[in-house]
Structure formats: structure tokens, C-alpha cells
Amino acid sequence: MGNILWIASYPKSGNTWFRMFLSHILRDEISSIDINQYESDGIASARNAFDYYSGLDSTDLTREEIERLRPDVYEKMSATAEGLLIIKAHDAYKTLPDGRHLFPSPATKAAVYLLRNPLDVLVSYAHHNGQSIEKTIKAMNNADHTLSYKKNNALSQLPHFLGTWSHHVQSWTEIPSFTYVIRYEDLHQKPLDTFKKAAEAIGLNKSTERIKKAIEATSFDNLQKQEQEKGFHERPHSSSSFFRSGKLGSWRESLTEKQAGAIIEKHSVMMKRYGYLDHKDNPVY
Amino acid sequence: MYLYRVYGLNISSELECPSLLPSDREADITIRFGIISSQFVAKIPHKAVNVISKTQVFADFKGIAKYLISDGKDVLVEPYWGGEEMVRLFLLGSVMGIIMHQRGLLPLHGCGIVHNEKAILFLGVTGIGKSTLAEAFRRKGYELLTDDVAALSFHKGNEVVVSPGYPMIKLMDDAVKYFKISTKGLAGAHPKKLKYVIPAQKDFCTSPKPLGKIYILERTEEKILTIENPRKIVTVPLLKHNTYRKVVIKRLGLLQRQLEQCVRLADNYPVKVVYRPDNASAIPQLIDALEKDFQ
């Protein structure tokens, strides 16, 4: 078993929120959390980490060559780590052409997969990227959707493949045996139970009191208030705020029937499986 | 065997490296093809770059080649499959970086040009525009000293010397477009032409130069370019951070030496930080500001 705890999700599905919660419970002292100083070991697609651990220049490599080397990079990161590494991932889980997995078991301690109602993801993702709802629907329904992919240009992140929203969910929840799945909605509606079980599932047994404190310190209102007061370094230039709404079902205020229908039609199987559509195909949230 | 000279070192190589300058001196480094024993490989704990001992590094770049680098002078290369180009690319890049560490040189991640007979270095992370800057200066008549990696040797009396690299600049597609360079007949740094190789033989400085100044490039969201002259507490960590192939330093037991070398640089040379806006139109502005600062 490795040292890496993957916190995986499609974008805008509670990844940062959950990592802030973890950061809080991993601390010895119980205090408030500074959103710009929480413990995190970066994102799986970081170019500088790849270059550092692979000993190569990623700009000298094709997307396929980079992917082939990524499992080695994670095994090396894990083998040389002094303790637990908490790494965010937006990549879909993937088996590579040589049969290895992008996120290999020998590097992995556990993985948490966060998923959220894709209708709410749509609104949040569009806002995050400063893009229209229509364009964002296309991205979420695009089987080739890849982030940070600009041919012949070195962005700070490596290209990372997401696929459609359904593919993303399926890839993480069906292939690896080490995934613990959490719904964003449960973190909101049953926070104590959901956070506590998640912490236990990844081997962090903390008292109920300790979990309660962490939930309080990383409540959406607290995170949003901090961002308003001092800004948040992970906010993209294209967006005015990172912690925007966080509400369940907020899509009802901003999507047309046609826009919601385009997501529901494409993702009904996965939406039903995870309780986002009822048996009559009506949205639950 | 082919004989070359790069980073102040003479190389005898079974692999032809046409981009290197020829040499007629006794070799410091020997590069050979061979089989790296599978029993040896099986004992290696993890993938990519492995420090086996204080004098030996094993680099396993999946699908490209395995390299066993010993004592800063012997390299055994076992390619996986496919073309020589990639095997050469990583030999001249990562493997040379590891050799420099083993030999006590400090390889910094950056380009170098010559101004008033001194080396001016531009360091920074991948994609920040180091090679673009070097090419822009070359077009203004400055000699190129090195692209991508600067090999620094430390001598008595705090003198630091930068040795020439290869007579070429590797540019990405956007930079090639910016300089309006025709890609017809231009070689790729990679078989799939992720980067282009711009030959620079005629503007290449073939002799080592004493270090003049170091500029570390950083991106800024601000629209205005600034060149700052921070204190050692800022520049020493930045120099450490911009050391090439630093993944091997700790395991080779070289952390203290790297720190001392970076402190010597910060103590004896101007080390400045350039905060550059993130767009191509900022290049002429950047060149102007740097030229003023060279004086």
C-alpha cells in the first residue's frame, strides 16, 4: 500500500471543501482554518511535480508519453513521501495501454471520490470557467473532454482527461477497488454522519467532537466569508469567486428546461444510480 | 566512437549526437550501449530516477531507455524500442543534468547569453519563456551560451564560470509563430515536433564565460513588468528551486553543497527576480527592461 490519498472528483464537486475538512482534522490544534494555508499536496496533473519526480521535461513529451510515465511518478512520490500525501485529481480513472493504471495501487493508500448532481455542477462549472451554460453542457457531454490541453503549449498543468460526466463517475466508482464514494449532497444534508464515515473509511478515526469542530470550521459560510475578506489563491482568473453558492438544487434558478434536459438525457443512468433522478426521471434536488 | 564537447566536458559516445560540437580531447565521459542486468533492475525499489549510491544513478524512462550513470563519467544506455531521437533527447537533457551533479557542477534550469564577455542567465519554470527570451536576444545580436540548462563551475576566489551548452534553441509552437519562423525543413526536438530546433551555430559562444548576472523569471497577474533585487533570504531558495534535476540531490548527499553553491551565487553576483506579465506582447518590453538592467 502506498502513501497517497487521492481526492478525486469532476470539477466543482466539493473537492476543495473536502480537502479543507481533512486538513482540519489532521491538525493537532483545533482552530479555524485559513483557506489560503490549508494542507494539500497539490493536484495530480501538476506539471512541476511530474517534471521533478520523473526527472524529465514534460514539454519534451507527447500526451501519450506523459501518461505512460505518470504511474511511475506517483509510485516515486509515494515511495519517497515521509507520510500521508493528500492529492487532488480531476482526471478520470484510466487503464493505460500497457495495462497499468493511471493511479496505481502501489502508490495508493485510498481514494475518495466526490460526486455531485450534474445539474448543479453545470451551473458552478460554467461560472468557474467564465463560460456559457451551452458551452459547459458541451464539455460535460463530450467524450473527449480534457483539461489543460493546448497543443504545443506548456500550461502549468499536464493535459488531464475527464470524458463525459458519466464516464468520469463510472471510471472512479467501477474500476478501482480502493474508492470510497461520497455525494456532495450528503456532505450538506448529513454532514456529521457523512464526514465521520468518510474519515473512518480512509483510516482517520477521530472523535465525534473533533469531526464536529472541523465541519464547523470548514462550513461553506466560513469559507465564503474568508474568500470575501482576503481572496482565495485557487480562484481562476475567469471567475469572480471560488466559493459561490454551494446550495443544492440551485440549477432550478438558472437553467432552462432545455438546458437541464440536455444533461438529464445524456446522464440519466448515472444520475439514477446515485439518486439524482427518481424512478420517474424527475430531478431529486 | 563520436567525440563531443558540451558543458565544458568532453564526451566519447557510441550514440551519434549531431547537435553537439566536436571535440579532439580526451574524454571525461563515456557513453555506451549495453544491457543493464535484469537482476539489477529487479532490485530497484521504484521507477523513474533512482539514486543507487553516492556515485550511481539509475534512470528508467519507460518506453524510451534505461540509463545507468556512474561516477559522473560512465553512462550505460539500454533503449526500450523505437527511435534514437528520444534516447538522445533524454541523454542530453536529464542524464547530463545528473552527470553534472555527480561531478560537482551546479546545473541551473535556464538559458544563457553573453553580454560584455560575461554570462547572463535567465532561469525559471517550464513554460515561463526562457528559450523565447534567449532567441529574442540572439536576434538582437547577442551570442547564445546555452539553452535550457546552464552548467556552473565554482572556482577559487568566488569565480563562477558558465560553460557552453548546445548550439541550438528549442522553441515551442507559439514561440515559433511569434518570431514568424517558417517551420518548413525545421527539425523537431521530438519525432512528433512538440518543439522545434532552431539552429544557432553562427551566434553560438564556444568558450566558457565568467558569470555576470542571474535573472529568475516569475509570472505575474499584474500588467506591469518589474525587476526586483531581493535579499538572500529570497534568492537562495529560488536558486535552489531552479536547480536542474534536483530530484537526485538529496539522495546523492549533495544538499549541503547545493546550498553552499547557491549562497555563493547570492553573495557574489546580482540575482534578480523578473515578474513578467503573461502575454507575448510583453516580450519587447521585457527585452528593453533587461537591456537597461544589464548596464
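Just so you know, the protein sequences line up as chains A and B, in that order. Mapping of the first sequence onto the working numbering: residues 2 to 286, in sequence order. Mapping of the second sequence onto the working numbering: residues 237 to 531, in sequence order. Yeah, the Cβ is synthetic: ideal placement off N, Cα and C, and Gly gets one too.
Any C-beta of chain B under 7 angstroms from that of residue i
i, result
"Asp42 of chain A", "no"
"Ser241 of chain A", "no"
"Lys77 of chain A", "yes"
"Thr63 of chain A", "yes"
"Leu103 of chain A", "no"
"Tyr286 of chain A", "no"
"Asp145 of chain A", "no"
"Arg69 of chain A", "yes"
"Leu57 of chain A", "yes"
"Asp73 of chain A", "yes"
"Tyr53 of chain A", "yes"
"Thr109 of chain A", "no"
"Thr209 of chain A", "no"
"Thr165 of chain A", "no"
"Thr96 of chain A", "no"
"Thr174 of chain A", "no"
"Thr60 of chain A", "yes"
Other residues of its chain near residue i: CB distance less than 6 angstroms, five sequence neighbours each side excluded
i, result
"Leu341 of chain B", "Ala387 and Ser389"
"Val350 of chain B", "Glu379, Leu381, Cys441 and Lys445"
"Leu257 of chain B", "Arg241"
"Val396 of chain B", "Leu388, Phe390 and Leu447"
Contact with chain A by residue i, beta-carbon distance below 7 angstroms
i, result
"Thr362 of chain B", "yes"
"Ala284 of chain B", "yes"
"Arg374 of chain B", "no"
"His426 of chain B", "yes"
Cβ shell of residue i (< 8 angstroms), same chain only, five flanking positions each side left out
i, result
"Ala265 of chain A", "According to the sequence provided, residue 265 of chain A is Ile. The question's Ala does not apply to it. Taken in chain order, the residues that qualify are Leu120, Met272, Leu278, Asp282 and Pro284."
"Glu217 of chain A", "Asn223"
"Ala93 of chain A", "Phe162, Leu163, Gly164, His168, His169, Ser172 and Trp173"
"Asn49 of chain A", "Ser157"
"Ala202 of chain A", "Ala111, Val113 and Tyr181"
"Ala261 of chain A", "Leu120, Trp252 and Pro284"
Residues near residue i by beta carbon distance below 7 angstroms, same chain, minus five either side
i, result
"Ser149 of chain A", "Ser46, Leu156, Gln158, Leu159, Pro160 and His161"
"Gly15 of chain A", "Leu115, Arg117, Tyr185 and Leu188"
"Ala436 of chain B", "Arg374, Leu380, Pro403, Met404 and Ile405"
"Gly1 of chain A", "For residue 1 of chain A there is no data in the structure shown, the boundaries of chain A being 2 and 286."
"Pro466 of chain B", "Val509"
"Asp99 of chain A", "Arg69"
"Glu457 of chain B", "none"
> Which runs of the alpha helix (DSSP H) fall wholly inside the stretch 34-79 of chain A and span at least 4 residues, in chain order?
Replying inline: 48-55
>> When you compare the stretch 274-283 of chain A with the stretch 264-276 of chain B, are there three or more beta-carbon pairs, one atom per stretch, that lie closer than 8 angstroms?
In response: no
> Listed from N- to C-terminal order along the chain, which residues in the stretch 393-418 of chain B have their beta-carbon within a distance smaller than 7 angstroms of any beta-carbon of chain A?
Replying inline: Met408, Asp409 and Asp410
> What residues from the stretch 294-310 of chain B come within 7 angstroms of chain A, judged by C-beta to C-beta, listed N to C?
Replying inline: Ala295, Phe297, Lys298 and Gly299
>> Output needed in chain order: residues of the stretch 314-347 of chain B with a Cβ under 7 angstroms from some Cβ in chain A.
In response: Leu325, Phe326, Gly329 and Ser330
>> Report the start-end ranges of each beta strand (DSSP E) in the stretch 360-415 of chain B that is 3 residues or longer and not cut off at the edges.
In response: 379-382, 385-390, 396-399 and 404-408
> Which runs of the alpha helix (DSSP H) fall wholly inside the stretch 88-169 of chain A and span at least 4 residues, in chain order?
Replying inline: 119-130 and 134-141
> Can you find at least 3 beta carbon pairs, one from the stretch 58-67 of chain A and one from the stretch 81-91 of chain A, that sit closer than 8 angstroms?
Replying inline: no
>> Tell me whether the stretch 361-373 of chain B and the stretch 166-176 of chain A touch, counting them as touching only if at least three CB pairs, one residue from each stretch, are closer than 8 angstroms.
In response: no
> Is the stretch 119-135 of chain A touching the stretch 201-210 of chain A in the sense that three or more CB pairs, one from each, lie closer than 8 angstroms?
Replying inline: no
> Listed in chain order, which residues of the stretch 452-484 of chain B have Cβ atoms closer than 8 angstroms to some Cβ of chain A?
Replying inline: Glu457, Arg481, Lys482, Val483 and Val484
> With a cut-off of 8 angstroms, do at least 3 Cβ pairs link the stretch 66-76 of chain A to the stretch 47-58 of chain A?
Replying inline: yes
>> Under 8 angstroms, with one C-beta from each stretch per pair, do the stretch 467-475 of chain B and the stretch 493-507 of chain B reach the 3-pair mark?
In response: yes
> Should the stretch 327-345 of chain B be regarded as contacting the stretch 290-300 of chain B, the criterion being three or more beta carbon pairs within less than 8 angstroms?
Replying inline: yes
>> Using 8 angstroms as the cut-off, can you tell me whether the stretch 356-369 of chain B makes contact with the stretch 452-459 of chain B, which would need three or more C-beta pairs spanning the two stretches below that distance?
In response: yes
>> By the 8 angstroms beta-carbon criterion, what residues does the stretch 217-231 of chain A contribute toward chain B?
In response: none
> Hey, which unbroken runs of the alpha helix (DSSP H) at 4 residues or more fall wholly within the stretch 219-264 of chain A?
Replying inline: 221-231 and 252-255
>> Please identify, using Cβ separations under 7 angstroms, the residues of the stretch 429-440 of chain B that lie next to chain A, in order along the chain.
In response: Leu430 and Lys431
>> To be precise: take each residue of the stretch 80-96 of chain A, compare its Cβ to all Cβ atoms of chain B, and keep it if any distance is under 7 angstroms. Which residues remain?
In response: Ala80
> Got a sec: which bits of the stretch 264-281 of chain B sit with their beta carbon under 7 angstroms from any beta carbon on chain A, in order along the chain?
Replying inline: Pro281
> In chain order, which alpha helix (DSSP H) runs of at least 4 residues are fully inside the stretch 446-518 of chain B?
Replying inline: 468-477 and 491-504
>> Please list, in chain order, the residues of the stretch 118-131 of chain A that have any C-beta partner in chain B closer than 8 angstroms.
In response: none
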